[in-house]
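Top to bottom, those sequences are chains C and H. With the UniProt record's numbering as the guide, the letters of the first sequence map in order to residues 1 to 376. With the UniProt record's numbering as the guide, the letters of the second sequence map in order to residues 1 to 376. Below: the structure, in C-alpha cells.
Protein chains: 2
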Amino acid sequence: MKYSLLQKDPNSSARAGEITTDHGKIETPIFMPVGTVATVKGVHQRELREDINPDIILGNTYHLYLRPGMDILERAGGLHKFMGWDRNILTDSGGYQVYSLSGTRKIKEEGVNFKSHIDGSSHFFSPESVMEVQRTIGADIIMAFDECTPYPCDYGYAKNSMHMTHRWLDRCISHLEKVPVKYGYGQAFFPIVQGSTYKDLRKQSAEYIAEAGAVGNAIGGLSVGEPAEELYAMSEIVCDILPEDKPRYLMGVGTPINILENIALGVDMFDCVMPTRNARNGMLFTAEGTINIKNKKWEDDFSPLDDMGITWVDKEYSKAYLRHLFAANEYLGKQIATIHNLGFYLWLTRQAREHILAGDFRSWKDNMVKQMDKRL
Amino acid sequence: MKYSLLQKDPNSSARAGEITTDHGKIETPIFMPVGTVATVKGVHQRELREDINPDIILGNTYHLYLRPGMDILERAGGLHKFMGWDRNILTDSGGYQVYSLSGTRKIKEEGVNFKSHIDGSSHFFSPESVMEVQRTIGADIIMAFDECTPYPCDYGYAKNSMHMTHRWLDRCISHLEKVPVKYGYGQAFFPIVQGSTYKDLRKQSAEYIAEAGAVGNAIGGLSVGEPAEELYAMSEIVCDILPEDKPRYLMGVGTPINILENIALGVDMFDCVMPTRNARNGMLFTAEGTINIKNKKWEDDFSPLDDMGITWVDKEYSKAYLRHLFAANEYLGKQIATIHNLGFYLWLTRQAREHILAGDFRSWKDNMVKQMDKRL
C-alpha cells in the first residue's frame with residue numbers, strides 16, 4: 001500500500017491524498033460504505049460500483065467469520081470474489097462487535113470468549129486468530145485486534161484496556177509476519193489508537209501506535225456515545241501525533257457534520273452504519289438538512305426526492321412516493337433511501353477533497369456544517 | 001386500445017399479437033409483473049424498465065385504494081406518475097383480494113363490505129365504486145368487478161355467483177359510460193369469465209362475456225387450488241368461445257409450465273405473484289428446472305446463478321453468494337432472486353412469441369415443459 005499526501009488545506013488540518021493498493025486507488029478523504037456480511041444492505045454491487053462509486057467498502061470480520069464462515073470464504077478465493085467486488089475492501093478486527101456483545105463475552109489478556117448472536121455457539125478471538133481470519137477474508141486493509149471501551153469509562157479501566165490493546169498490537173504484528181497472504185495481493189495492516197476520552201491516554205496511545213510504523217493508522221473507541229466536542233478533542237490530539245505521511249482512519253464516525261469536522265482535524269478515512277441504517281428508518285441526509293420521509297408532511301409532495309440529483313434515485317422518485325413506500329412497509333423504500341444516503345456521503349467527502357485541492361475547504365466546510373444542521 | 005393478431009400457431013391455439021394503448025405497445029403473449037402497492041417488491045423502476053423490460057405491469061386496486069389512497073393518487077395525476085412508470089399498467093378490480101379476505105367480508109348483490117387488512121376499518125366496493133376507483137388509479141387496462149369463487153365450489157353457489165358477476169358486469173359497463181377518464185388517455189375495460197370448474201357454466205359465462213363486446217376479455221376464478229388439468233380444461237373451453245380478434249387474459253396464472261400450456265390454448269396475457277413471491281422465499285425458476293437456493297448443496301457452488309444470463313444478476317452473482325444472502329436473511333438475496341425470476345418469466349413469454357412467429361411453438365413448448373419440470 002502506498003499513500004501520497006497531495007495537498008494540505010491552509011486554514012485547517014484537512015488533507016487530500018491518494019492510497020494505492022493492489023485493488024486500485026482510494027482518493028482521500030473517503031467515506032467507506034459498510035457491507036457488514038458481504039453486502040451493503042439492500043444495494044446491488046452494480047449500484048455500488050456505478051451509482052455510489054466508492055473506491056473502498058468495509059466488511060465486518062465478526063459477521064463474516066460466523067457467516068458464510070472461513071471455509072466458504074477461503075474456497076471462494078476471498079471476500080472480493082465471493083461477493084463480486086473488485087475494488088478495495090477494509091475489514092475491522094471484530095473488536096467493536098465483540099464489545100457490542102456485552103453480557104455474552106469475556107475479555108481476558110489472552111483474547112475474548114464470546115457467543116454468536118445467531119445461535120449462541122461459543123467462539124474465541126485472539127490477536128493471533130483475528131489476523132488469520134483477516135488473511136482468509138482477504139481485505140486490502142486489515143485492522144489490529146483491540147478493545148473498544150464504552151462511554152463513559154473510568155480512567156483505570158481505560159488505561160489498563162489501552163495497555164492491553166497495545167500488547168495485543170504487538171502480538172498482531174508478530175503473528176502477521178508468520179501468516180502469509182492467501183490470494184496473491186497485499187494486505188495493509190492498521191493499528192488502532194485507544195484511550196477513551198482521556199487526553200493523556202490518547203496522547204500516549206497515539207505515540208505508541210505511531211511508533212509501530214504501520215502504513216496507516218486508525219482511531220478507535222470513539223462515536224460510542226460521547227458528545228461531539230469530546231470526539232473532536234480526541235481526534236485533534238491524535239491527528240497531531242500520528243504521522244502526516246500515512247492515512248488516518250477514524251472508525252465508526254459519523255454524521256455528515258462529524259465527518260467534515262474530522263476532515264478539518266486531519267482525518268482521511270471514515271466508516272459508519274449511519275447512512276445505511278438511518279436510511280432503512282426513513283431518514284435522509286441532504287445538503288440542506290435531514291428529512292424524516294415518514295412524516296405526513298411529505299404525503300403529497302410530488303417533487304423529486306432531492307433536487308441535487310447526486311444519484312439517479314433523487315430524480316427518479318418523488319418524496320410522496322418514497323413516503324408511501326415507507327408507510328406501506330415496502331422494502332423498495334429502504335433501497336431508495338440507502339442509495340440516496342450513500343450517494344450523499346460519497347458526494348460530501350468528494351466535495352471536501354475538491355475544496356481541499358482548491359484551497360477553500362475551511363469556508364466551504366463552515367457553510368456546509370451550518371446548512372446541514374437543519375431538519376426539513 | 002387496439003389489438004392485432006399477427007400469427008397463429010399451426011399446431012396449437014397459440015397466437016402472437018400486439019396490443020397498442022396510449023402508453024405504448026404490448027407484444028403478446030406477455031407476462032405482467034405484479035406491482036401490488038405501486039411497487040414490484042424489491043425492484044427499482046429502472047431495473048424493471050431496463051433489465052426485466054415488460055411492456056406492462058399490474059397494480060392491485062384493493063391495495064392502492066387503501067394505500068396511498070385515492071386522494072393522493074388523484075393529486076399525483078394517476079398511478080403512472082405516482083410511481084414513475086410510463087409504460088402500460090393493468091389494474092385488477094379488487095374482486096380477488098376481497099375474496100381472499102374471507103371472514104372479514106360480506107358479499108351481497110349490491111356489492112361487498114370488507115375490512116381493511118391494515119387497520120380493520122370498514123369499506124364497501126360495488127361495481128360502480130370500483131370503476132370510479134380504477135378511473136382514479138388510471139391504469140391503461142381496467143377490470144370488471146367480479147366474484148372469484150373458491151375451489152372447490154358447489155355447483156349452486158358457482159352458478160349464482162356467475163350470474164351475479166354477469167349482472168355486476170352490466171353495472172360496470174353502464175357506470176363507466178358516466179365516468180370519464182381523468183388523465184387524458186384511454187382506459188380499456190376487460191370483463192371477466194367466471195363459472196368455477198364447471199364446463200357448462202364456463203361455456204355460458206364465456207358466451208355472456210363475449211357478447212359484451214369488450215376490447216379484451218379475461219378468465220378469472222382459476223389458479224385458486226384446482227389441479228392443472230382442470231385449469232387447462234376450463235381455459236380451453238373459454239378460449240374457444242372468446243373472440244379471436246381480442247386479447248385473452250388468464251388472471252393469476254401461474255407456473256412457467258402453466259403459462260406455456262395456456263399459451264398453447266390461446267391465452268395472451270398472464271399475471272402471477274409466483275415469480276416474485278417465490279423469489280423472496282429462495283426459489284428460482286430456470287430453463288432447466290427450479291432451484292431452492294436455501295439448500296446446503298449450493299453453499300460452495302461458486303458458479304454463476306444461471307449460465308443463461310437472461311438478466312445481469314445471473315452472471316454477476318454466484319449460487320454460493322445468493323445462498324449466503326438467504327442464510328443471513330439479507331434483503332439483497334430477495335432482490336437478486338426477484339430480478340432473476342421476473343427476467344426468466346419475461347424471457348419465457350418472449351421466447352414463446354418468437355416460436356409462434358417462427359411456426360415451431362408446439363415442439364419448443366413440449367420440450368420446455370419437460371425441461372422445466374425438474375428440481376435442481
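All C-beta atoms in this analysis are idealised placements derived from N, C-alpha and C, irrespective of residue type, glycine included.
In angstroms, rounded to a whole number, what distance separates the CA positions of residue i and residue j?
i, j, result
"H/Y345", "H/D307", "16 Å"
"C/K81", "H/V313", "15 Å"
"C/N295", "C/R323", "8 Å"
"H/G78", "C/S122", "55 Å"
"H/Y321", "H/I52", "22 Å"
"C/E316", "C/R277", "22 Å"
"H/L73", "C/Q187", "54 Å"
"C/M234", "C/T349", "21 Å"
"H/D301", "C/S223", "40 Å"
"H/L231", "H/G69", "34 Å"
"H/A139", "H/E288", "35 Å"
"H/K199", "H/Y155", "11 Å"
"C/P29", "C/D71", "35 Å"
"C/L169", "H/F326", "36 Å"
"H/T104", "H/E261", "35 Å"
"C/I19", "C/V267", "14 Å"
"C/M22", "C/G59", "According to the sequence as given, residue 22 of chain C is Asp; it is not Met. C/D22 and C/G59: Cα-Cα distance of roughly 17 Å."
"H/L101", "H/F114", "8 Å"
"C/A214", "C/M143", "11 Å"
For residue i, which of the options has the nearest alpha-carbon?
i, options, result
"H/L250", "H/P275, H/S363, H/V193", "H/V193"
"H/V98", "H/T149, H/D55, H/E50", "H/T149"
"H/T290", "H/Y198, H/P180, H/H340", "H/H340"
"H/L66", "H/G333, H/I173, H/G120", "H/G120"
"H/T165", "H/D22, H/F145, H/K319, H/L231", "H/F145"
"H/W85", "H/T197, H/K115, H/E236, H/I57", "H/I57"
"C/P180", "C/N88, C/M32, C/Q134", "C/Q134"
"H/N11", "H/T136, H/F31, H/W298, H/A264", "H/A264"
"H/F31", "H/G254, H/Y331, H/Q335", "H/G254"
"H/E330", "C/E177, C/H63, C/D360, C/E226", "C/H63"
"H/I237", "H/N258, H/Q204, H/A214, H/P227", "H/Q204"
"C/L201", "C/H355, C/L305, C/K159", "C/K159"
"C/T136", "C/G333, C/A76, C/L260", "C/A76"
"H/D360", "H/K2, H/M1, H/S13", "H/S13"
"H/P152", "H/P227, H/P275, H/R15, H/I118", "H/P227"
"C/V130", "C/G103, C/I141, C/S93", "C/S93"
"H/G195", "H/M162, H/A212, H/P243, H/R171", "H/M162"
"C/P275", "C/I26, C/M1, C/T21, C/V34", "C/V34"
"H/C172", "H/E128, H/G225, H/R46", "H/E128"
"H/S116", "H/E147, H/T61, H/I89, H/L90", "H/T61"
"C/E177", "C/Y183, C/N88, C/I141, C/F189", "C/F189"
Per DSSP, which one or two residues make a beta bridge with residue i?
i, result
"H/M32", "H/D271"
"C/Y3", "C/I19"
"H/S318", "H/P304"
"C/R105", "C/F114"
"H/I237", "Paired residues: none, contrary to the question."
"residue 377 of chain C", "For chain C, the structure presents residues 1 to 376; residue 377 of chain C sits outside this window and is missing."
"H/S122", "H/K115"
"C/V43", "None, per the DSSP bridge assignment."
"H/I89", "H/I57"
"C/G289", "C/T286"
Residues of chain H with a CB under 8 Å from the CB of residue i: which are they?
i, result
"C/W312", "R46"
"C/G42", "Y331, L332, Q335"
Any beta carbon of chain D sitting closer than 8 Å to that of residue i?
i, result
"C/G309", "Any reference to chain D falls outside this structure, whose protein chains are C and H."
By the criterion of Cβ-Cβ separation under 7 Å, what are the contact partners of residue i in chain H?
i, result
"C/D300", "I72, R75"
Going along chain C in order, which residues have a C-beta closer than 7 Å to the C-beta of residue i?
i, result
"H/T39", "L325, E330, L332"
Quick one: which chain H residues come within Cβ less than 9 Å of residue i?
i, result
"C/Q371", "By Cβ distance, chain H contributes nothing, its closest Cβ being about 28 Å from C/Q371, past 9 Å."
Using a cut-off of 9 Å between C-beta atoms, extract the partners of residue i located in chain C.
i, result
"H/R67", "H324, A327, A328"
In chain C, which residues lie with their C-beta within 8 Å of the C-beta of residue i?
i, result
"H/G84", "E316, Y317, S318, Y321"
Does the segment 41 to 51 of chain H come within contact of the segment 5 to 12 of chain H, defined as at least 3 CB pairs closer than 8 Å? No: the two stretches stay apart, fewer than three of their Cβ pairs being nearer than 8 Å.
For the segment 101 to 116 of chain C and the segment 205 to 222 of chain C, state whether three or more C-beta atom pairs, one from each stretch, are separated by less than 8 Å. No, because fewer than three Cβ pairs between the segment 101 to 116 of chain C and the segment 205 to 222 of chain C fall closer than 8 Å, the two stretches do not touch.
Would you check if the segment 329 to 340 of chain H and the segment 265 to 284 of chain H touch, i.e. whether three or more CB-CB distances between them fall below 8 Å? The segment 265 to 284 of chain H is in contact with the segment 329 to 340 of chain H.
The segment 213 to 226 of chain C in contact with the segment 238 to 255 of chain C per 3-pair CB rule at 8 Å: With a cut-off of 8 Å, the segment 238 to 255 of chain C and the segment 213 to 226 of chain C count as touching, because enough Cβ pairs lie within range.
Can you confirm whether the segment 357 to 372 of chain C touches the segment 352 to 372 of chain H when touching is taken to mean that 3 or more C-beta pairs between the two stretches lie within less than 8 Å? As far as the Cβ criterion goes, the segment 352 to 372 of chain H does not touch the segment 357 to 372 of chain C, which means the pair count is below three.
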